[in-house]
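S.K.: Residue numbers (my numbering): 1 to 192.
Note that CB positions come from ideal geometry on N, CA and C, so glycine has one too.
Here the structure is a predicted model, which means the values were calculated and not measured.
Okay, here's the structure, questions in a sec.
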């Protein structure tokens with residue numbers, strides 16, 4: 001597990017640096033591929049008026065030419081990225097599909113959110129005990145929390161909390177009484 005995590009971290013680092021490295025490769029490769037076709041304009045041997053001579057600000061015209069090509073490549077790559085992002089934007093649909101396929105992005109809750117939502121729901125219930133609509137909404141949220149508390153992810157989290165924290169998970173006021181004990185039974189059957 002530790003070795004796998006280390007390799008995944010290294011892979012993530014490679015991905016993060018890939019953008020900058022690929023931009024450097026794009027600039028270098030395209031600049032050096034284009035240079036032979038335009039270098040005569042920067043050497044002072046051209047016959048027409050569109051020609052650079054010797055140096056400007058003490059920098060050789062060759063370097064100005066190479067820098068100009070590299071700058072042009074960066075602008076073109078960024079322009080293509082902008083057009084893709086603004087008008088083609090296929091990644092937006094990919095994110096939508098990812099979210100739709102992720103149960104925790106649609107109908108399920110992670111254990112930390114179950115606890116937070118449960119506490120908020122319980123506070124709301126106690127703030128408006130006479131309001132039937134609020135009580136009805138709180139009852140519905142409690143049913144959802146009960147369902148989420150019956151899932152394997154809750155049982156796995158509760159198993160860790162029972163061991164790692166100062167004491168076992170107490171009966172949470174927003175969950176039905178049997179939820180905590182049922183999760184312990186489910187956790188005993190789950191293999192790590």
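Where does residue 154 land, buried or exposed, given buried means 16+ other C-beta within 10 angstroms?
M.R.: Residue 154 comes out buried.
S.K.: Let's see if you can read the secondary structure: which residues bound the alpha helix (DSSP H) around residue 5?
M.R.: 2 to 38
S.K.: Report the rounded CA-to-CA distance for residue 100 versus residue 94, giving the unit in angstroms.
M.R.: One C-alpha to the other measures close to 10 Å.
S.K.: Work out the CA separation of residue 5 and residue 74 for me, nearest whole Å.
M.R.: 35 Å
S.K.: Examine the Cβ distances between the stretch 168 to 187 and the stretch 105 to 121 and report whether three or more of them are shorter than 8 Å.
M.R.: yes
S.K.: For residue 157, is the classification buried or exposed, using 16 other Cβ atoms within 10 angstroms of its Cβ as the cut-off for buried?
M.R.: buried
S.K.: Using 8 Å for Cβ pairs, my map puts residue 169 next to residue 162. What's the rounded Cβ distance?
M.R.: 6 Å
S.K.: How would you label residue 179, buried or exposed, when you count the other beta carbons within 10 angstroms and need 16 or more for buried?
M.R.: buried
S.K.: Excluding five sequence neighbours on each side, which residues of the same chain lie with their C-beta closer than 8 Å to the C-beta of residue 108?
M.R.: The beta carbon of residue 108 is closer than 8 Å to those of 148, 151 and 153 in its chain, skipping five residues each way along the sequence.
S.K.: Taking only runs of the alpha helix (DSSP H) that begin and end inside the stretch 99 to 145, which ones reach a length of at least 4 residues, in chain order?
M.R.: 103 to 106 and 111 to 127
S.K.: With H, G and I counted as helix, E and B as strand and the rest as coil, what does DSSP make of residue 169?
M.R.: In the structure shown, the three-state DSSP call for residue 169 is coil.
S.K.: Answer with buried or exposed for residue 65, where buried requires no fewer than 16 other C-beta atoms within 10 angstroms of its C-beta.
M.R.: buried
S.K.: For residue 187, which residues from the same chain have a beta carbon less than 7 Å from its beta carbon, with the 5 sequence-adjacent residues on both sides left out?
M.R.: 155, 156, 158 and 159
S.K.: Using a Cβ-Cβ cut-off of 6 Å (strictly less than) and excluding sequence neighbours within five positions of residue 183, which residues of its own chain qualify?
M.R.: 154, 155 and 158
S.K.: Just how far apart, CA to CA, sit residue 3 and residue 13?
M.R.: 15 Å
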